[in-house]
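See structure below.
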Ligand code: F6P
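Residue numbers (my numbering): 1 to 324.
Have a look at this one:
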């Protein structure tokens, strides 16, 4: 039976550009003659029946806003069979035939199971600042997050330079080092430490030694929060054991990286992906994530998007050391 009404929700960690994706889904669906409902707080709101019909005006003036007007949540209930049955009942009550899920791998894992159990069609739009999903060159929010981090580090460089300080800057990425790699390179970091590779802290210390000999004016180390070294404070302890003359400061950038107005890149990406998700549902696709590879829209089964690992440019981290 042809789809008549779709539900859309945002789930997991919010990411700048989720609102732009929502706007695109709603307006593309309406343009195609479909009805749309917004589901609040991700799977939690689905289970609780927090669902409201949306029209084109409901998503006015949000393309530039960070966060998500639908709110987001990480749902424990949806991980249970009972929770998913409750969600299905609410979707039926609201005459929703298919879903667009804007989120990351946890969100898509739930959607995959939902189809297997109830044959309910879901199309995924990748929204996470981590950019850690296989099947797309970029996830929505990554570009904004790295630009936020870089502009913060630029400010830190000023004070690092003024006081000849060593700054250890921790960026987000529990399991992924892509934010650290790109912000580290763009900020002229001397060392970049990421979860994907066992951290060579000796190399980092050697690098600091060399920077002394080279009379570097200031030093920046970027570490991803999930790095096996234990994070920025642990690295500081390590450095203090060997070097006594560095004035070391730690900055944890934290959730500042998740907020703010999406960049042009994220708005365009979100708009393209939201539209493509609606087209795919209309064409009968399900259990897939829409992404772009080399600027072309591609569809990747949830199975692959969540189980395969994105190739990350490990050599870029090395490049940072060479150039610092
Ligand atoms: O997945 C996005 C992300 O920002 C990660 O980089 C980070 O580890 C995590 O979310 C933090 O999640 P929360 O805001 O729930 O603590």
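Idealized CB from N, CA, C, for every residue including glycine.
Let me check you understand the geometry: is the CB of residue 179 closer than 8 angstroms to at least one non-hydrogen atom of the ligand F6P? The answer is yes for residue 179.
Cβ of residue 200 versus every heavy atom of the ligand F6P: is any distance shorter than 8 angstroms? No; taking the cut-off as 8 angstroms, the Cβ of residue 200 has no heavy atom of the ligand F6P nearer than that.
Residue 134 in three-state terms, based on DSSP: Note: residue 134 maps to coil in three-state DSSP.
Just to confirm my understanding: we take residue 47, look at its own chain, exclude 5 residues before and 5 after, and list those with CB closer than 8 angstroms. What are they? Excluding sequence neighbours, residue 47 sits near 75, 77, 78, 83, 86, 87 and 90.
If distances are taken between C-alpha atoms only, which option among 302, 185, 259 and 73 comes closest to residue 322? For residue 322, the closest alpha carbon among the candidates 302, 185, 259 and 73 is that of 185.
Roughly how many whole angstroms lie between the Cα atoms of residue 3 and residue 284? For residue 3 and residue 284, the distance between alpha carbons rounds to 9 angstroms.
With 16 as the cutoff for other CB atoms within 10 Å, does residue 1 come out buried or exposed? Residue 1 is classed as exposed because its beta carbon has fewer than 16 other beta carbons within 10 Å across all chains shown.
Quick check on residue 112: buried or exposed, where buried means 16 or more other Cβ atoms within 10 Å of its Cβ? Buried, since its Cβ has 16 or more Cβ neighbours within 10 Å.
Straight-line CA distance for residue 295 to residue 215? Between residue 295 and residue 215, the C-alpha separation is close to 43 angstroms.
Do the region 257-265 and the region 94-104 touch if we need at least three Cβ pairs shorter than 8 angstroms? Because the criterion of three Cβ pairs below 8 angstroms is not met, the region 257-265 and the region 94-104 do not touch.
Can you check whether the CB of residue 123 is closer than 9 angstroms to the CB of residue 280? Result yes, Cβ atoms of residue 280 and residue 123 sit closer than 9 angstroms.
So who's on the other strand from residue 38, going by DSSP bridges? As a beta-bridge residue in DSSP terms, residue 38 pairs with 8 and 52.
Looking only at its own chain, which residues have a Cβ that is under 7 angstroms from the Cβ of residue 226, when we skip the five neighbours before and after it? Within the same chain, and ignoring the five residues on either side of residue 226 in sequence, the residues whose Cβ sits closer than 7 angstroms to its Cβ are 173, 174, 175 and 195.
Compute the distance between the beta-carbons of residue 16 and residue 145, then report whether it is under 9 angstroms. In terms of Cβ geometry, residue 16 and residue 145 form a close pair [threshold 9 angstroms].
Helix, strand or coil for residue 381? Go by DSSP, reduced to three states. Outside the displayed span of the chain (1 to 324) sits residue 381, for which this structure offers no information.
How many angstroms separate the CA atom of residue 189 from the CA atom of residue 162? The alpha-carbon atoms of residue 189 and residue 162 are separated by roughly 17 angstroms.
Below 6 angstroms CB to CB, which residues in the same chain sit around residue 298 once its five sequence neighbours on both sides are set aside? So the list reads 291, once near-sequence residues are dropped.
Contact check, residue 199 vs residue 320, beta carbons under 9 angstroms: Cβ atoms of residue 199 and residue 320: not closer than 9 angstroms.
Cβ-heavy atom distance, residue 257 to the ligand F6P, below 8 angstroms: Yes, the ligand F6P has a heavy atom inside 8 angstroms of this Cβ.
With a CB to CB cut of under 6 angstroms and the five nearest residues on each side skipped, what residues in its chain are close to residue 118? Cβ within range, chain order: 88.
In whole angstroms, give me the CA-to-CA distance for residue 164 and residue 110. Using only the alpha carbons, I get a separation of about 49 angstroms.
Taking a contact to mean a Cβ-Cβ separation below 9 angstroms, would you say residue 251 touches residue 152 in this structure? With respect to the 9 angstroms criterion, residue 251 and residue 152 are classified as neighbours on the basis of their beta carbons.
Buried versus exposed call for residue 219 [16 or more other C-beta atoms within 10 Å across all chains shown]: With 16 or more other Cβ atoms within 10 Å, it is buried.
Do the region 23-41 and the region 230-240 make contact, defined as three or more Cβ pairs closer than 8 angstroms? Taking 8 angstroms as the limit for Cβ pairs, the verdict is that the region 230-240 does not touch the region 23-41.
Which residue comes first and which comes last in the alpha helix (DSSP H) that contains residue 249? Following the DSSP letters along the chain, one finds residue 249 in no alpha helix (DSSP H) but inside the beta strand (DSSP E) bounded by residues 248-252.
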